[in-house]
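> Okay, here's the structure, questions in a sec.
Number of protein chains: 2
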Amino acid sequence: MNKKKATIKDIANELNISSAAVSKALHDDSRISKKTKDAVKRVAKALNYQPNHLASALRKGKSNLVGVIVPRTNSNFFSSVIEQMEDVLNKAGYNIIITQSNESFKKECKNIDTLLFTQVDGIIASMANETVDLSYFEKIKSKGIPLILFDRGENDLNVDYIGINDYDSSHMIVEHLISKGCKRIAHIGGYRRTRIFNNRIRGYIDAINKNNLPLDKNLVIESALTLEDGRREMGNLLKLNNKPDAVYVAGDYAALGALQVLDENNINVPNQIRLVGFGNEPFTSLVSPTITSVNQHSKAIGRLTAETFLKRVANPEVKQSLNKIILDAELIVRDSSE
Amino acid sequence: MNKKKATIKDIANELNISSAAVSKALHDDSRISKKTKDAVKRVAKALNYQPNHLASALRKGKSNLVGVIVPRTNSNFFSSVIEQMEDVLNKAGYNIIITQSNESFKKECKNIDTLLFTQVDGIIASMANETVDLSYFEKIKSKGIPLILFDRGENDLNVDYIGINDYDSSHMIVEHLISKGCKRIAHIGGYRRTRIFNNRIRGYIDAINKNNLPLDKNLVIESALTLEDGRREMGNLLKLNNKPDAVYVAGDYAALGALQVLDENNINVPNQIRLVGFGNEPFTSLVSPTITSVNQHSKAIGRLTAETFLKRVANPEVKQSLNKIILDAELIVRDSSE
DNA sequence: TTTGTTTGCTTAAACGTTTAAGCAAATCAT
DNA sequence: ATGATTTGCTTAAACGTTTAAGCAAACAAA
Numbered sequence: 553m554n555k556k557k558a559t560i561k562d563i564a565n566e567l568n569i570s571s572a573a574v575s576k577a578l579h580d581d582s583r584i585s586k587k588t589k590d591a592v593k594r595v596a597k598a599l600n601y602q603p604n605h606l607a608s609a610l611r612k613g614k615s616n617l618v619g620v621i622v623p624r625t626n627s628n629f630f631s632s633v634i635e636q637m638e639d640v641l642n643k644a645g646y647n648i649i650i651t652q653s654n655e656s657f658k659k660e661c662k663n664i665d666t667l668l669f670t671q672v673d674g675i676i677a678s679m680a681n682e683t684v685d686l687s688y689f690e691k692i693k694s695k696g697i698p699l700i701l702f703d704r705g706e707n708d709l710n711v712d713y714i715g716i717n718d719y720d721s722s723h724m725i726v727e728h729l730i731s732k733g734c735k736r737i738a739h740i741g742g743y744r745r746t747r748i749f750n751n752r753i754r755g756y757i758d759a760i761n762k763n764n765l766p767l768d769k770n771l772v773i774e775s776a777l778t779l780e781d782g783r784r785e786m787g788n789l790l791k792l793n794n795k796p797d798a799v800y801v802a803g804d805y806a807a808l809g810a811l812q813v814l815d816e817n818n819i820n821v822p823n824q825i826r827l828v829g830f831g832n833e834p835f836t837s838l839v840s841p842t843i844t845s846v847n848q849h850s851k852a853i854g855r856l857t858a859e860t861f862l863k864r865v866a867n868p869e870v871k872q873s874l875n876k877i878i879l880d881a882e883l884i885v886r887d888s889s890e
Numbered sequence: 553m554n555k556k557k558a559t560i561k562d563i564a565n566e567l568n569i570s571s572a573a574v575s576k577a578l579h580d581d582s583r584i585s586k587k588t589k590d591a592v593k594r595v596a597k598a599l600n601y602q603p604n605h606l607a608s609a610l611r612k613g614k615s616n617l618v619g620v621i622v623p624r625t626n627s628n629f630f631s632s633v634i635e636q637m638e639d640v641l642n643k644a645g646y647n648i649i650i651t652q653s654n655e656s657f658k659k660e661c662k663n664i665d666t667l668l669f670t671q672v673d674g675i676i677a678s679m680a681n682e683t684v685d686l687s688y689f690e691k692i693k694s695k696g697i698p699l700i701l702f703d704r705g706e707n708d709l710n711v712d713y714i715g716i717n718d719y720d721s722s723h724m725i726v727e728h729l730i731s732k733g734c735k736r737i738a739h740i741g742g743y744r745r746t747r748i749f750n751n752r753i754r755g756y757i758d759a760i761n762k763n764n765l766p767l768d769k770n771l772v773i774e775s776a777l778t779l780e781d782g783r784r785e786m787g788n789l790l791k792l793n794n795k796p797d798a799v800y801v802a803g804d805y806a807a808l809g810a811l812q813v814l815d816e817n818n819i820n821v822p823n824q825i826r827l828v829g830f831g832n833e834p835f836t837s838l839v840s841p842t843i844t845s846v847n848q849h850s851k852a853i854g855r856l857t858a859e860t861f862l863k864r865v866a867n868p869e870v871k872q873s874l875n876k877i878i879l880d881a882e883l884i885v886r887d888s889s890e
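Top line first, the protein sequences correspond to chains H and G. Counting in the numbering used here, the first sequence runs from 553 upward without gaps. Counting in the numbering used here, the second sequence runs from 553 upward without gaps.
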């Protein structure tokens with residue numbers, strides 16, 4: 553068995569030429585004859601030569617690795633985004649290292665350190681819910697390593713961002729509910745400190761005002777949008793004297809929790825209360841009634857994010873700056889708001 | 553701004569000592585004086601020194617990267633396994649590169665090549681449904697790189713394996729259904745070529761025989777276990793003259809599909825037909841009725857797999873061999889079989 | 001005092017690749 | 001036939017780290 557790996561030097565010795573010639577032959581350098589190239593490739597195959605990525609990365613100062621940080625892979629949105637990014641980046645010769653922050657700021661910082669330590673050529677991230685302190689992301693920028701954000705971004709970082717139009721999505725949802733005759737629309741949202749959730753809240757408020765509906769503070773709620781949060785907040789809404797006739801929940805898991813509570817209280821959805829979620833998780837079309845939700849175009853976001861990264865490394869001289877790509881989201885109307 | 557990264561040499565120059573001394577100081581070598589160590593650490597911090605992982609990996613012949621191949625991250629089981637592995641491996645100084653095969657043999661081969669190219673110190677994998685040709689996995693072994701399999705393994709590879717007892721799980725399920733009075737239990741299984749699904753089928757058949765129930769070939773079905781497969785096969789079962797009074801589906805998504813079809817045909821679950829899934833995906837407790845399923849102990853599998861890897865790299869002289877760790881799964885009884 | 005041991009560093013090579021610089025031979029232009 | 005250009009390679013250094021080997025100084029033991 554051939555335990556010791558073959559190197560360029562082994563090929564060179566076999567053919568009595570220099571390692572430099574071998575390296576160039578393997579890269580199809582124009583200054584190497586066809587004859588030599590063929591011989592090199594033949595011997596390389598015979599010795600089962602595999603290039604040592606570490607050595608070339610060290611020499612070239614480029615690892616061809618891209619670090620990815622997501623809140624969690626265990627959501628349809630993020631896993632789909634990652635799949636697309638992987639596809640685009642692999643074709644360009646990059647491999648990706650996926651890390652999860654689990655929505656924790658501390659874990660996110662650890663992930664950033666890990667990725668920098670691994671000498672990644674760039675970092676693509678979607679920020680944890682908890683994150684408000686941007687110093688760790690500034691650290692990436694200060695090292696001159698490309699940083700691209702998607703979905704959960706932050707204007708202040710002044711880097712490329714790819715996401716959907718959360719503000720407009722709220723308008724779409726509110727107007728859809730109004731068209732169904734709803735007059736008291738509640739919003740169970742995320743925390744305002746996260747930009748996308750703030751945008752959804754702003755969009756909701758502006759849409760309510762624009763359509764001349766009264767804005768009731770009791771109907772606007774912030775939470776972490778877990779299933780449990782959805783249950784709790786829906787329960788609270790049902791305790792109001794003046795109950796809503798529709799609830800727009802800024803996350804599908806929380807929407808599902810709300811649906812469970814409505815069901816347990818024998819409230820008919822959509823007839824008594826209409827419900828809209830956000831994210832278009834697969835289960836929204838599996839539960840009964842199926843839940844109206846917003847498709848965030850995960851595939852497009854994945855591809856665009858990867859392509860944005862590639863553009864950045866192709867033009868390193870261009871200074872990083874706030875460059876937003878905002879996609880229009882799509883409302884998928886299902887039984888819960890029909 | 554400090555664009556060029558500080559190296560060991562920079563620290564050495566600053567203090568007028570050799571790079572070797574700096575390297576040793578940073579690793580707390582006993583042959584370096586406390587005074588020098590303190591000085592080195594002070595300057596390192598001042599220059600914002602970050603070790604170049606590529607250089608040390610090249611020199612040491614060890615990348616401290618572990619490659620992970622899973623069918624997809626977008627399932628609760630796999631993402632939970634990965635989270636635990638990451639925790640254990642990070643603490644031991646390893647980082648992980650996650651790749652997805654999307655159940656495709658071709659993609660899996662590409663992933664293996666990618667990981668080998670990246671010089672990972674080991675590969676942890678759960679095989680794609682499609683995979684029958686093991687030559688690519690043999691390639692990993694032949695390079696002397698540790699290979700650990702979990703969940704979807706293959707005895708013939710003769711490597712460490714961590715998984716649950718699929719055979720016994722089928723017994724548990726069948727006996728649970730019998731205890732509820734079921735006499736005609738169908739099985740919508742995976743493809744026999746995948747070891748775990750074969751074990752579930754064998755377990756099902758043996759349990760049926762052991763309990764003196766007639767074994768009806770029409771009630772044993774192989775499929776890819778997607779939601780659509782579940783719908784189609786459940787539909788076929790309902791066309792039988794002699795319908796089953798219980799269905800054991802070897803995957804939760806397919807079980808959900810089956811449930812949808814039962815619901816659409818106004819068949820009461822569990823009263824007319826009892827239903828059991830496999831995998832304990834979160835939605836099993838979210839749909840109505842909630843679905844009885846099998847908890848695969850993803851956390852334990854993740855930790856054990858990572859620890860098995862660490863044991864292997866700690867004892868490289870020990871030859872790889874079939875070393876199985878089999879956990880007992882847990883039946884979570886819910887409304888669909890109550 | 002002599003010898004041996006420990007301490008604290010240095011020197012130099014190595015890991016496997018890439019690449020700038022250079023040089024001889026072959027080919028071309030005139 | 002001469003000089004210019006192209007072709008096809010070699011030499012040697014570099015990337016940043018680790019580590020075996022070695023050496024001088026300090027200390028300890030006799």
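Just so it is clear, CB atoms sit at the ideal spot from N, CA and C, and this is done for glycine as well.
#1: Short of 7 Å in beta carbon distance, which residues of its chain neighbour H:ASN554, apart from the five on each side in sequence? Order them along the chain.
#2: What residues in its chain sit with their C-beta under 7 Å from that of G:ILE560, if we drop five residues either side in the sequence?
#3: Does DSSP classify G:ASN568 as helix, strand or coil?
#4: Short check: CB of G:ARG850 to CB of G:VAL618, under 8 Å?
#5: Is the beta carbon of H:LEU610 closer than 8 Å to that of G:ALA607?
#6: Could you pull out every residue in the same chain whose Cβ sits closer than 7 Å to the Cβ of H:ALA759, ignoring the five residues on either side in sequence?
#7: Please identify the residue among G:ILE648, G:SER582, G:LEU567 whose C-alpha is closest to the C-alpha of G:LYS593.
#8: Against G:THR625, what residues of chain H qualify as contacts under a CB-to-CB distance less than 8 Å, listed in chain order?
#9: With DSSP run on the structure shown, which of helix, strand or coil describes G:ILE697?
#10: Have a look at G:LYS586 and G:ASP580 and give me their C-alpha separation to the nearest angstrom.
#11: Would you verify that the beta carbon of H:ASN817 is, or is not, closer than 8 Å to some beta carbon of chain G?
#12: Run through the DSSP bridge pairs and tell me what G:SER845 is partnered with.
#13: With 16 as the cutoff for other CB atoms within 10 Å, does H:ILE740 come out buried or exposed?
#14: Show which residues of chain G have a CB atom less than 9 Å away from the CB atom of H:HIS849.
#15: Here's the rule I'm using: 16 or more other beta-carbon atoms within 10 Å means buried, otherwise exposed. How should H:LEU874 be labelled?
#16: What residues from the stretch 605-621 of chain G come within 7 Å of chain H, judged by C-beta to C-beta, listed N to C?
#17: Span of the alpha helix (DSSP H) holding H:TYR805?
#18: At the level of alpha carbons, what is the spacing between G:ASP768 and H:LEU641?
#19: Let me see if you follow: with CB-CB separation under 8 Å, is H:SER840 close to chain G or not?
#20: Determine the DSSP secondary structure at H:GLN824, reduced to helix, strand or coil.
#21: Flag G:LEU874 as yes if its beta-carbon sits less than 8 Å from any beta-carbon of chain H, otherwise no.
#22: Starting from H:LEU617 and walking both ways along the beta strand (DSSP E), at which residues does that stretch end?
#23: Short of 9 Å Cβ to Cβ, which residues in the stretch 668-685 of chain H face chain G?
#24: Span of the alpha helix (DSSP H) holding H:ALA677?
#25: Within 10 angstroms of the Cβ of G:GLN824, are there 16 or more other Cβ atoms? Answer buried if so, exposed if not.
#26: Grab me the residues of H:ILE563's own chain with a C-beta within less than 7 Å of its C-beta, minus the 5 sequence neighbours each way, in chain order.
#27: List the DSSP bridge partners of H:VAL907.
#28: For H:THR666, go through chain G and note every residue whose CB falls closer than 8 Å to its CB, in chain order.
#29: List the residues of chain H whose Cβ lies closer than 7 Å to the Cβ of G:PHE835, in chain order.
#30: Express the C-alpha separation of G:ARG855 and G:VAL865 in angstroms, rounding to a whole number.
#31: DSSP on H:LEU610, reduced to helix/strand/coil?
#32: Examine chain H for any beta-carbon lying closer than 8 Å to the beta-carbon of G:LEU709, and answer yes or no.
#33: How would you label G:ARG752, buried or exposed, when you count the other beta carbons within 10 angstroms and need 16 or more for buried?
Judging by the given coordinates:
#1: Counted from its first residue, the first sequence places residue 554 of chain H at position 2. Note that H:ASN554 scores 47 on pLDDT, short of 50, meaning its location in the model is unreliable and no value can be drawn from it.
#2: Here residue 560 of chain G refers to the residue found at position 8 of the second sequence. The residues are SER571, VAL574, SER575.
#3: Here the question's residue 568 of chain G lines up with position 16 in the second sequence. It is coil, neither helix nor strand.
#4: Counting from one through the second sequence, the residue named residue 850 of chain G turns up at place 298. Counting from one through the second sequence, the residue named residue 618 of chain G turns up at place 66. For the record, residue 850 of chain G in the displayed sequence is Ser; it is not Arg. Contact: no.
#5: Start at 1 with the first residue of the second sequence, and residue 607 of chain G comes out as number 55. Start at 1 with the first residue of the first sequence, and residue 610 of chain H comes out as number 58. Yes, the Cβ-Cβ distance between G:ALA607 and H:LEU610 is below 8 Å.
#6: To locate residue 759 of chain H, count along the first sequence from 1; it is residue 207. So the list reads SER722, HIS723, VAL726, GLU727, once near-sequence residues are dropped.
#7: Reading the second sequence from its first residue, position 41 is the one you call residue 593 of chain G. Here the closest residue by C-alpha is G:LEU567.
#8: Looking up residue 625 of chain G in the second sequence gives position 73. Going along chain H in sequence order, the residues near G:THR625 (Cβ under 8 Å) are THR625, ASN626, SER631, ILE634, ILE650.
#9: Residue 697 of chain G sits at position 145 when you count from the first residue of the second sequence. Coil, per DSSP.
#10: For this step, residue 586 of chain G is matched to residue 34 along the second sequence. For this step, residue 580 of chain G is matched to residue 28 along the second sequence. Going by the C-alpha atoms only, they are around 9 Å apart.
#11: Numbered from its first residue, the first sequence carries residue 817 of chain H at position 265. By the rule that beta-carbons nearer than 8 Å mark a contact, H:ASN817 does not touch chain G.
#12: Stepping through the second sequence from its first residue, residue 845 of chain G is reached at position 293. DSSP, once it has assigned bridges, lists G:ILE884 as partnering G:SER845.
#13: Taking the first sequence and counting its residues from 1, the one referred to as residue 740 of chain H is at position 188. H:ILE740 should be labelled buried.
#14: By one-based count along the first sequence, residue 849 of chain H stands at place 297. Going along chain G, no residue has its Cβ under 9 Å from H:HIS849, so there is no contact; the nearest lies around 17 Å.
#15: Along the first sequence, one-based indexing puts residue 874 of chain H at 322. Classification of H:LEU874: exposed, given that the 10 Å Cβ count is below 16.
#16: Within the stretch 605-621 of chain G, contact with chain H at the beta-carbon level (separation under 7 Å) is assigned to HIS605, LEU606, ALA607, ALA609, LEU610, SER615.
#17: On the first sequence, position 253 is the one that residue 805 of chain H refers to. First-last of the alpha helix (DSSP H) with H:TYR805: 804-816.
#18: Your numbering for residue 768 of chain G matches position 216 in the second sequence. Your numbering for residue 641 of chain H matches position 89 in the first sequence. Answer to the nearest angstrom: the Cα atoms are 50 Å apart.
#19: Position 288 of the first sequence, counting from 1, holds the residue named residue 840 of chain H. Yes, its Cβ sits closer than 8 Å to a Cβ of chain G.
#20: In the first sequence, counting from the first residue as 1, residue 824 of chain H sits at position 272. Coil at H:GLN824, not helix or strand.
#21: In the second sequence, the residue the question calls residue 874 of chain G occupies position 322. Residue contact with chain H for G:LEU874: absent (no Cβ-Cβ distance below 8 Å to any residue of chain H).
#22: In the first sequence, the residue the question calls residue 617 of chain H occupies position 65. Run containing H:LEU617: 617-622, per the beta strand (DSSP E) assignment.
#23: Those residues of the stretch 668-685 of chain H that come within reach of chain G (Cβ to Cβ, closer than 9 Å) are LEU668, PHE669, THR670, GLN671.
#24: Your numbering for residue 677 of chain H matches position 125 in the first sequence. Segment 674-677 is the beta strand (DSSP E) holding H:ALA677; no alpha helix (DSSP H) there.
#25: To locate residue 824 of chain G, count along the second sequence from 1; it is residue 272. The residue is exposed, with fewer than 16 neighbouring Cβ atoms inside 10 Å.
#26: Here residue 563 of chain H is taken as the residue at index 11 of the first sequence, counted from 1. Counting only Cβ-Cβ distances below 7 Å, and skipping sequence neighbours, we find VAL574, VAL592, VAL595, ALA596, LEU599, TYR601.
#27: The structure shown has nothing for residue 907 of chain H, since chain H only spans 553 to 890.
#28: As a first step, residue 666 of chain H must be located in the first sequence, where it is residue number 114. Those are ASN642, ASN647, listed as they occur along chain G.
#29: In the second sequence, counting from the first residue as 1, residue 835 of chain G sits at position 283. Within 7 Å Cβ-Cβ: PHE835, LEU838.
#30: Stepping through the second sequence from its first residue, residue 865 of chain G is reached at position 313. Stepping through the second sequence from its first residue, residue 855 of chain G is reached at position 303. Cα-Cα distance, rounded: 16 Å.
#31: As a working mapping, residue 610 of chain H is identified with position 58 in the first sequence. Residue state, collapsed to three classes: helix.
#32: Walking along the second sequence from the start, residue 709 of chain G turns up at place 157. No, its Cβ sits nowhere closer than 8 Å to a Cβ of chain H.
#33: Against the second sequence, residue 752 of chain G aligns to sequence position 200. Flag for G:ARG752 reads buried.
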